[in-house]
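Engineer: I am attaching a structure below and will ask some questions about it afterwards.
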Amino acid sequence: MTLPNRLAAFVEQRKQQMLYRSRRVLETPQGAEVIVDGRPLINFSSNDYLGLANHPRIAAAFKKGIDDFGVGSGASHLVIGHSSAHYALEEQLADFVGCERALLYSSGYMANVGAINALTERGDIILQDKLNHASLLDGGLLSSADMKRYNHCDTDALALRLQKTGDAQALVVSDAVFSMDGDIAPINKLAELCDQHQAMLMIDDAHGFGVLGDNGKGALEHFSVTSGQVPIYMATLGKAAGVSGAFVAGEDGLIDYLIQSSRNYIYTTAIPPANAVATSAALLVIEQEKWRREHLTKLISQFRSELSEWESCLMPSDTAIQPLIIGDANQALTLSDALLQRGFLLSAIRPPTVPANTARLRITLTAAHTETHISQLTNVLKEMLPSIITKQTDS
Ligand SMILES: *Cc1c(COP(=O)(O)O)cnc(C)c1O
1 MTLPNRLAAF VEQRKQQMLY RSRRVLETPQ GAEVIVDGRP LINFSSNDYL GLANHPRIAA
61 AFKKGIDDFG VGSGASHLVI GHSSAHYALE EQLADFVGCE RALLYSSGYM ANVGAINALT
121 ERGDIILQDK LNHASLLDGG LLSSADMKRY NHCDTDALAL RLQKTGDAQA LVVSDAVFSM
181 DGDIAPINKL AELCDQHQAM LMIDDAHGFG VLGDNGKGAL EHFSVTSGQV PIYMATLGKA
241 AGVSGAFVAG EDGLIDYLIQ SSRNYIYTTA IPPANAVATS AALLVIEQEK WRREHLTKLI
301 SQFRSELSEW ESCLMPSDTA IQPLIIGDAN QALTLSDALL QRGFLLSAIR PPTVPANTAR
361 LRITLTAAHT ETHISQLTNV LKEMLPSIIT KQTDS
């Protein structure tokens, strides 16, 4: 088969499997009420957990950043793209999460691939939770180290793996909050196991940073663990922080090493300095507007209590990610289409992204939602679910 034919066959197969993906076009700023492809919708799909993606103070900081620094960084960090705005943000991030230093990457995908690949070598072993984000798995695949995946949040399985590593250096990698399930990894237990086995622990806090912990400092604050217990902490700046980019934080030696050797840090243009200025402003909002986390927490309990009769379809999640298990992939798709007709935007997540028979609606709640938005959604769900899920499994 020629290459163009192979590409066309692949796309055709995706269409037949109902797995073809196309992009919706968002015509408004990110928010709870949006216009998508000309149509007003209530948005339950974004990762803008605190509603900061269109926050006036952060937007003003972005503009001020452009006045002060122009629009582009012009080079990679190691050449001449590292501005005082990037530097200030790194200092602020390190301080915020309680680590010695932080290193800015252009995206979370780059940070994960770049850090895992730089930190491991042949003979090492990378142990990853089975439900880790694709970027973490890709980082492991790119590395010359061996990679093994342990069952989701199964610390006994991880302990067994660690016992078998012998003299090999192990790197244990886990999401803090799992993107498809919304549950939280037992980070205190992971830290304890790593300590016992001289393994290194890396936590990806993409969905926890800004949201978890009383002050929004993320997973470390939530579990009251120190950066010493989680020597490689990573988080993204495009979700709760509302802007874009990511960082890795840890001891001075870790950051110094990554600057020398992390290819995804070295060989790419630095994010615009104005982006860094805006992110600095976002960190202040995260600290100062505590009501956003409190409001989000209230909405999460409201959502779960309004759907209590469907509790067996809700995953045990306390976070903004509230998956509703439908089971059958086509039913999940039918339901998300029907919800779209009624003005609700949320995505159906189907195998192979999630295990067979666990197709689900992935509902994300944000501080930008009102209580009314939540009850509008739960009312429609209560109306539609009985025809989709004929018999509720007893719990
Ligand atoms: C979104 C996400 C990333 C990727 O971050 P980007 O900045 O979007 O590239 C990495 N890890 C997890 C767990 C994520 O959810």
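In terms of our numbering, the sequence shown is residues 1 to 395. For each residue, glycine too, the CB sits at the ideal point set by N, CA and C. Just so it is clear, the structure is predicted and the values come from calculations on it, not from any experiment.
Take the Cβ of residue 341 as the centre, count every other Cβ of all protein chains shown within 10 Å, and call the residue buried at 16 or more, exposed below.
Structural biologist: Classification of residue 341: exposed, given that the 10 Å Cβ count is below 16.
Engineer: Can you tell me whether DSSP reads residue 395 as helix, strand or coil?
Structural biologist: Because the pLDDT of residue 395 is 42, which lies under 50, any placement of that residue in the model is unreliable, and the number read from its coordinates should be weighed accordingly. Coil.
Engineer: Cβ of residue 133 within 8 Å of any heavy atom in ligand 1?
Structural biologist: At least one heavy atom of ligand 1 is nearer than 8 Å to the Cβ of residue 133, so yes.
Engineer: I need the DSSP call for residue 75, collapsed to helix, strand or coil.
Structural biologist: Note: residue 75 maps to coil in three-state DSSP.
Engineer: Using only the alpha-carbon positions, how far apart do residue 285 and residue 186 sit?
Structural biologist: In a straight line, the C-alpha of residue 285 is about 28 Å away from that of residue 186.
Engineer: Can residue 142 and residue 113 be called in contact, C-beta distance under 9 Å?
Structural biologist: Against a cut-off of 9 Å, the Cβ pair of residue 113 and residue 142 comes out as a contact.
Engineer: What residue range does the beta strand (DSSP E) around residue 233 cover?
Structural biologist: Unbroken beta strand (DSSP E) run through residue 233: 232-236.
Engineer: Going along the chain, which unbroken runs of the beta strand (DSSP E) with 3 or more residues stay wholly within the region 17-102?
Structural biologist: Correct list: 33-36 and 39-43.
Engineer: Give the list of continuous alpha helix (DSSP H) stretches no shorter than 4 residues that lie fully inside the region 326-395.
Structural biologist: Taking only runs of at least 4 residues, the alpha helix (DSSP H) segments lying wholly in the region 326-395 are 329-341 and 371-388.
Engineer: Go ahead and pull the three-state DSSP assignment for residue 104.
Structural biologist: Correct three-state label for residue 104: strand.
Engineer: Along the chain, where does the alpha helix (DSSP H) that runs through residue 303 open and close?
Structural biologist: 291-306 is the extent of the alpha helix (DSSP H) around residue 303.
Engineer: Which whole-angstrom value describes the C-beta separation of residue 314 and residue 44, a residue pair presumed to lie in contact below a C-beta threshold of 8 Å?
Structural biologist: In fact, because the Cβ distance is near 14 Å, the residues do not count as touching under 8 Å.
Engineer: With 16 as the cutoff for other CB atoms within 10 Å, does residue 299 come out buried or exposed?
Structural biologist: Buried, because 16 or more other Cβ atoms sit within 10 Å of the Cβ of residue 299.
Engineer: Figure out for me which residue from 253, 364, 288 and 147 has the closest Cα to the Cα of residue 303.
Structural biologist: Comparing Cα positions, the closest option is 364.
Engineer: Does DSSP put residue 253 in a helix, a strand or coil?
Structural biologist: If DSSP states are grouped into helix, strand and coil, residue 253 belongs with the helices.
Engineer: To the nearest angstrom, how far is the alpha carbon of residue 173 from that of residue 126?
Structural biologist: In a straight line, the C-alpha of residue 173 is about 7 Å away from that of residue 126.
Engineer: Output the distance between the C-alpha atoms of residue 352 and residue 68, rounded to the nearest integer angstrom.
Structural biologist: Computed Cα separation, rounded: 46 Å.
Engineer: Ligand 1 and residue 83: does the residue's C-beta get closer than 8 Å to at least one heavy atom of that ligand?
Structural biologist: False, no ligand heavy atom lies under 8 Å from that Cβ.
Engineer: Hey, would you say residue 217 sits closer than 9 Å to residue 96, going by beta carbons?
Structural biologist: Their beta carbons are under 9 Å apart, which means residue 217 touches residue 96 by this criterion.
Engineer: Check each candidate in 268, 366 and 220 and name the one with the smallest Cα separation from residue 77.
Structural biologist: Comparing Cα-Cα distances from residue 77 to each of 268, 366 and 220, the minimum goes to 268.
Engineer: To the nearest angstrom, how far is the alpha carbon of residue 234 from that of residue 1?
Structural biologist: Using only the alpha carbons, I get a separation of about 42 Å.
Engineer: Using 8 Å as the cut-off, classify the Cβ of residue 440 as near or not near the heavy atoms of ligand 1, replying yes or no.
Structural biologist: Absent from the model: residue 440. The displayed extent of the chain is 1 to 395, so no value can be given.
Engineer: Can you tell which of 271, 211 and 19 has its C-alpha closest to the C-alpha of residue 86?
Structural biologist: Closest by alpha carbon: 271.
Engineer: Which two residues bound the contiguous alpha helix (DSSP H) that contains residue 285?
Structural biologist: Per DSSP, residue 285 belongs to the alpha helix (DSSP H) from 273-288.
Engineer: Measuring from the CB of residue 236, is there a heavy atom of ligand 1 at a distance below 8 Å?
Structural biologist: Result yes, Cβ under 8 Å from ligand 1.
Engineer: I'd like to know whether the C-beta atoms of residue 181 and residue 388 end up nearer to each other than 9 Å.
Structural biologist: No.
Engineer: Is residue 282 near ligand 1, in the sense that its beta carbon is under 8 Å from a heavy atom of that ligand?
Structural biologist: Result no, Cβ not under 8 Å from ligand 1.
Engineer: Based on the DSSP secondary-structure assignment, which residues constitute the bridge partners of residue 269?
Structural biologist: DSSP, once it has assigned bridges, lists 76 as partnering residue 269.
Engineer: Which partner residues does residue 258 have in the DSSP bridge list?
Structural biologist: Per DSSP, none; premise fails for residue 258.
Engineer: Would you check if the region 102-118 and the region 136-151 touch, i.e. whether three or more CB-CB distances between them fall below 8 Å?
Structural biologist: Yes, the region 136-151 is in contact with the region 102-118.
Engineer: With a CB to CB cut of under 6 Å and the five nearest residues on each side skipped, what residues in its chain are close to residue 357?
Structural biologist: Excluding residues within five positions, the ones whose Cβ falls inside 6 Å are 327.
Engineer: Three-state secondary structure (DSSP) at residue 11?
Structural biologist: Of the three classes helix, strand and coil, the one that applies to residue 11 here is helix, per DSSP.
Engineer: Could you check where the beta strand (DSSP E) with residue 175 kicks off and where it finishes?
Structural biologist: Taken as a continuous stretch (DSSP letters only), the beta strand (DSSP E) holding residue 175 covers 170-175.
Engineer: With DSSP collapsed to three states, give me the class of residue 209.
Structural biologist: Three-state result, residue 209: coil.
Engineer: Which two residues bound the contiguous alpha helix (DSSP H) that contains residue 156?
Structural biologist: Start and end: 155-163.
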